[in-house]
Amino acid sequence: MDEMEQFKEEFIQETREYIDAMNQQFIDLEKGDLQAVNEIFRLAHTIKGMAGFMGYKRVEELCHKLENVMGAVRDGKIQITSDIVDVLLSAIDLLEVLVDKIEEEGNDHQDISQVITELQRILKEDVKIETGGRQKTERIHEDEANIRINITLAEDCVMKSVRALLIIESLKEIGEIVGTVPDEDMMDSERFDGRFTVLMKADRLHDINEVLSKIGEIEKFEVEEIVSQNSKLESKEQVDAPNRKEKSDSSVQTKADIAPHPKKEKKIEFIRVSISQLDTIMNLVGELVINKGRLLQISSDYDIPELKEAVSIMDKIISNLQDEVMEMRMEKVERVFSKFPRMVRDLAKKLGKKVELIMEGLDTELDRTVLDQINDPLIHIVRNCVDHGIEYPDERKASGKSEVGKIRLSAWRDKNYIIIEIEDDGKGLDTEKIKKKAIEKGLISPDEAERMNEDDIKMLIFMPGFSTKEKASEISGRGVGMDVVKTTVEKLGGSVKLFSEKGKGTKIRIQLPPTVAIIKSLLIRVGNETYAIPISNVVEAIYVTSDSVKNIHGSEFLLVRGKLVPVFRLRDLFKINGSKSEKEVGIIVEKENEKYVLIADAITDQQEIVIKPLYGHLAKIKGFNGVTILGDGKVVPILDVSTLIGG
1 MDEMEQFKEE FIQETREYID AMNQQFIDLE KGDLQAVNEI FRLAHTIKGM
51 AGFMGYKRVE ELCHKLENVM GAVRDGKIQI TSDIVDVLLS AIDLLEVLVD
101 KIEEEGNDHQ DISQVITELQ RILKEDVKIE TGGRQKTERI HEDEANIRIN
151 ITLAEDCVMK SVRALLIIES LKEIGEIVGT VPDEDMMDSE RFDGRFTVLM
201 KADRLHDINE VLSKIGEIEK FEVEEIVSQN SKLESKEQVD APNRKEKSDS
251 SVQTKADIAP HPKKEKKIEF IRVSISQLDT IMNLVGELVI NKGRLLQISS
301 DYDIPELKEA VSIMDKIISN LQDEVMEMRM EKVERVFSKF PRMVRDLAKK
351 LGKKVELIME GLDTELDRTV LDQINDPLIH IVRNCVDHGI EYPDERKASG
401 KSEVGKIRLS AWRDKNYIII EIEDDGKGLD TEKIKKKAIE KGLISPDEAE
451 RMNEDDIKML IFMPGFSTKE KASEISGRGV GMDVVKTTVE KLGGSVKLFS
501 EKGKGTKIRI QLPPTVAIIK SLLIRVGNET YAIPISNVVE AIYVTSDSVK
551 NIHGSEFLLV RGKLVPVFRL RDLFKINGSK SEKEVGIIVE KENEKYVLIA
601 DAITDQQEIV IKPLYGHLAK IKGFNGVTIL GDGKVVPILD VSTLIGG
């Protein structure tokens, strides 16, 4: 990959992150948070600077126009309204389209005139607006700042203007930027030599030093408090960045630090790694885990102390490596959740509803693969909450509720699982309507409907082809249905639970394993065959005798703690011949809030396994989720409980 291609990839990745941040900031701005103005302004300015360097003129022009609007808002010339936010969000949508085009075609050749005209209409100025007005609003006033930072970038820094803007972006997280010398427009020019000053308001010099020490390509930086009538000079910090040969560490000298044993700052460095590289590393670790199992098997077969010691040490090393790689793959659910405030806002406005979205547990982490696969199901559930769950304001008011409906999106860790919960305070599920529609569509018979309890009827919404709507709405549409939501979650080794009360609201709880690449499993024997069941599916295991299984109307049940639980004999399901064990094993699993018993001949082991997916025609076989390779080289099918027991 050449240098410009690498810059393009970094530009695309960082711009998408900034777009996500701006979407959230515009929602906050609409709610009256004026602090969002400066944040949006700086994000737009950063993207503009990077786009200018890369030669993406339309991105640069669009961000420049966004800057002008936000500058006018900051100066009090424009008052934010919902309609103005609509226009600003349409500009962000267009910016996203331009980034997609850059990724696919390498250029941003797209008509942006309509959005530019809309932004210009907000400004009520000539189209050829000059930057002088904005520069005036950013003029540096030292009496407004309490800290001055002089920064010199490394001589070999290729993208000096972009690096400077990223430094400013990092500093604004710990204080308020009052201004820069030269101003940020001058940093975009070819004359910028990598030396600049930042004036800001912040509480602690230490925080600034910590942030700047983590940023690469800084030759030197100097932080000092500004002397004014209201503040006195307390300290001055002179820091040489790690890439200076004269200094051996990011040493810091202040009056307070001059002591026999000065404290050194711990420096954390970061590099960007492509997702494909992480996937490759994960696959290699998976192969190591498989071969670790083989070596453990071999060492147990031969009584060689040296071999056992070497294998034991290797076992610990591979386990530590596995933990580190799994940690590298973990991402905060915030990456997916961050899309929902904008989506809920737009849908609610389109439908004429008032909806407040509350998000909790954004720091909860999931494996990247799990997070990617759960994205579409969550989008569908949240859209359903807005479209079907939350009532119109007049309906809510008539039923004694607030006009503003609430949707709560939460995530947390519960032992070995991650829980994601989506709850609304809307109309809830109408079981009679669900039952009637299921009968009409032929999903259940009238007799079956009469025998079903309330919880069973509610779970019918997860059946393929079910919908209580007469026709698909533009909001919920067709495609990903609730059946796909359930199937996706169960394929990941998770489960879905539904709670709803008519007139009060609905809650959907999704339980997921943190990762799906390497999982804990039970190894079971059926005849001469071995199968693996993910531990996440198992409730408990019990011994089963022939007289403990009851035959009722041709179906087998096992009495477990006073409740009859349906029995599925794996020997019959897989058509395995031969004599069965006198004392069989019942593995109790759970699906859709109901328990089932899978009967096998024996449990042979419990161990971590690496999931190898099935391809082609094999992937279409119900009841299996993949295969794994054991230490003795045996290929073992992994059972998919959700499809194995029907439905």
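Here the sequence shown is numbered in full-length UniProt numbering, starting from 1 and rising by one per residue. Think of the CB as a built atom: it goes at the ideal place given N, C-alpha and C, for glycine as much as any other residue.
Using DSSP with H/G/I as helix, E/B as strand and the rest coil, what is residue i?
i	result
Met463	coil
Asn625	strand
Gly400	coil
Phe196	strand
Arg509	strand
Val333	coil
Ile587	strand
Tyr615	coil
Thr604	strand
Thr81	coil
Thr515	coil
Thr530	strand
Phe574	coil
Glu582	coil
Phe11	helix
Val211	helix
Gly175	coil
Tyr302	coil
Ala202	coil
Asp424	strand
Ile645	coil
Leu166	helix
What residue does the alpha helix (DSSP H) around residue i start on, and which one ends it?
i	result
Asn150	Element bounds for Asn150: not the alpha helix (DSSP H) but the beta strand (DSSP E), 147–153.
Asn551	Note, Asn551: premise wrong, no alpha helix (DSSP H); beta strand (DSSP E) at 549–552.
Leu34	Note, Leu34: premise wrong, no alpha helix (DSSP H); not H, not E.
Phe499	That residue, Phe499, is in no alpha helix (DSSP H); its beta strand (DSSP E) goes 495–501.
Asp414	Not the alpha helix (DSSP H): Asp414 falls in the beta strand (DSSP E), residues 405–414.
Val223	Unbroken run through Val223 is the beta strand (DSSP E), 218–225; no alpha helix (DSSP H).
In terms of residues, what are the limits of the beta strand (DSSP E) holding residue i?
i	result
Met359	355–360
Pro566	563–569
Leu598	594–600
Thr364	First-last for Thr364: undefined, no H or E at that position.
Val560	555–560
Asp111	Element bounds for Asp111: n/a, residue is neither H nor E.
If I measure Cβ to Cβ from residue i and keep anything under 6 Å in the same chain, skipping five residues before and after, which residues do I get?
i	result
Glu331	Arg368, Leu371
Gly503	Gly428
Met22	Ile40, Leu43, Ile92
Tyr18	Leu43, Ile47
Got a sec: does the ligand PLP put a non-hydrogen atom nearer than 7 Å to the Cβ of residue i?
i	result
Lys634	Summarising the ligand content, the structure contains no ligands, and the ligand PLP is consequently not present.
Assign residue i to one of two classes, buried (16 or more other C-beta atoms within 10 Å of its C-beta) or exposed (fewer than that).
i	result
Gly586	buried
Asp303	exposed
residue 649	Because the chain here runs from 1 to 647, residue 649 falls outside it and cannot be looked at.
Arg413	exposed
Ile348	Looking at the sequence provided, one finds Ala at residue 348 rather than Ile. Ala348 should be labelled buried.
Met482	buried
Val69	buried
Asp424	buried
Glu60	buried
Tyr543	exposed
Ile407	buried
Gln322	buried
Asn537	buried
Ser555	exposed
Gln6	exposed
Which same chain residues, not among the five before or five after residue i, have their C-beta less than 8 Å away from its C-beta?
i	result
Ser402	Arg396
Ile638	Ser521, Tyr531, Ala532, Ile533, Pro534, Ile609, Ile611, Phe624, Asn625, Gly626, Val627, Thr628
Glu454	Thr431
Leu98	Tyr56, Arg58, Val59, Leu62, Asp108, Gln110, Ile112
Lys458	Leu429, Thr431, Ile434, Leu498, Ser500
Val565	Phe557, Leu558, Leu559, Ile588, Lys595, Tyr596, Val597
Phe568	Tyr596, Val597, Leu598, Ile599, Leu644, Ile645
Could you pull out every residue in the same chain whose Cβ sits closer than 7 Å to the Cβ of residue i, ignoring the five residues on either side in sequence?
i	result
Cys157	Arg163, Gly194, Glu217
Val211	Ser170, Leu171, Ile174
Val87	Glu118, Leu119, Ile122
Ser82	Glu30
Ile177	Ile168, Leu171, Val198, Met200
Counting only beta-carbon atoms, is residue i nearer than 8 Å to chain C?
i	result
Lys612	Included in the structure is just one protein chain, with no chain C present.
- Query: Would you call the region 489–500 and the region 572–587 in contact, with 3 or more CB pairs under 8 Å?
  - Reply: With contact defined as three or more Cβ pairs closer than 8 Å, the region 489–500 and the region 572–587 are not in contact.
- Message: Would the region 89–99 count as touching the region 15–29 if we require 3 or more Cβ pairs under 8 Å?
- Response: Contact holds: three or more Cβ-Cβ distances are below 8 Å.
- Are there three or more Cβ pairs, one per stretch, closer than 8 Å when the region 95–114 is compared with the region 175–187? Short answer: they don't touch.
- On the three-pair Cβ rule with 8 Å, is the region 198–205 touching the region 144–153? Output reads yes: the region 144–153 touches the region 198–205.
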